[in-house]
Amino acid sequence: MGYDAAATKARILEAATREFAEHGIAGARVDRIAASASANKRAIYDYFGGKEPLFATVLSDACSRLSSEVPLEEGDDLAEYAVRVLDYHREHPEYLRLLMWEELHYTEGPIPAEEWRTERYARKAEVVAAAQRAGRVRSDVRPEVLLFMLLSLVNWAESAGQLRRVITGGMGEEEMRRSLAASAAAMLAGDGG
């Protein structure tokens, strides 16, 4: 059996996702990624160009998976969409960790896959705008801002577990889902604008 480049790349991406989620870009080590992927360090540089381009690929892949697995289509209930995003984050906790590391690392300049991500979020904001035009959500806030606030509600609710525990005394998964749905619905309803 010969060398399988596609399988090696897939193993590297899987190992890199774990490494970057745990240690961030600065703390991640190429030698640990290579060892975990049963690959050599040279393969990482040959296939991805180095640690930072590998992080960009990992994050781009993670964003693409979220977008395809949790789509937002015109007519969707936006509060239910928020709950689906929360459920995705629970199944894939590495995603929010990668986003947090990205925030810490890329303080200036472009971020990985920025153009693609901007286009994708613009399409989602258009879904919010359609809901506004249909009178299903508040219209006194720009659709882009409403989308950002909705995703912020979801992301912070899931990523700030210690703060959630300190404030609420802890809550079960179902209570969290119900509370998020109610909070999202209230935020989206606003005053009807």
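End of the sequence shown sits at 193 in full-length UniProt numbering; the numbers just go up one at a time, nothing left out.
For glycine and all other residues, C-beta sits at the position ideal for the given N, C-alpha and C.
Here the structure is a predicted model, which means the values were calculated and not measured.
- Rounded to whole angstroms, Ser-60 and Gly-50 show a C-alpha spacing of 15 Å.
- Considering only Leu-99, Lys-124, Thr-107, the residue with the shortest C-alpha distance to Glu-74 is Lys-124.
- Within the segment 96–166, the runs of alpha helix (DSSP H) at least 4 residues long that lie entirely inside it are, in chain order, 114–133, 143–159.
- Straight-line measurement puts the Cα of Glu-144 at about 22 Å from the Cα of Thr-107.
- As summarised for the segment 42–80, the continuous alpha helix (DSSP H) elements at least 4 residues long and confined to that stretch are 51–69, given in chain order.
- The segment 24–31 makes no contact with the segment 68–82, as fewer than three CB pairs between them are under 8 Å.
- Burial state of Glu-174 is exposed, judged by a 10 Å Cβ sphere holding fewer than 16 other Cβ atoms.
- Sorting Asp-46, Arg-65, Leu-180 by C-alpha distance to the C-alpha of Arg-120 places Arg-65 at the top.
- Pro-93 counts as exposed, since fewer than 16 other beta carbons sit within 10 angstroms of its beta carbon.
- By alpha-carbon distance to Ala-181, the top candidate from Ile-167, Leu-153, Glu-69 is Leu-153.
- Just measuring C-alpha positions, the residue of Met-176, Ala-189, Arg-178, Ser-179 sitting nearest Ser-139 is Ala-189.
- Per DSSP, the continuous alpha helix (DSSP H) segment holding Arg-32 begins and ends at 30–37.
- According to the DSSP assignment, Met-171 belongs to no alpha helix (DSSP H), since it is labelled neither H nor E.
- Ranked by Cα distance from Ala-16, the options Asp-46, Gly-172, Ala-184, Ala-56 are led by Ala-56.
- Out of Thr-168, Val-137, Ala-6, Gln-132, the CA that lies nearest to the CA of Asp-46 is found in Ala-6.
- When the beta-carbon positions are compared, Leu-72 and Val-141 stay at least 8 Å from each other.
- Under the three-state reduction of DSSP output, Gly-24 falls in the helix class.
- For a cut-off of 8 Å, the C-beta gap from Phe-20 to Leu-98 is around 6 Å, short enough to register as a contact.
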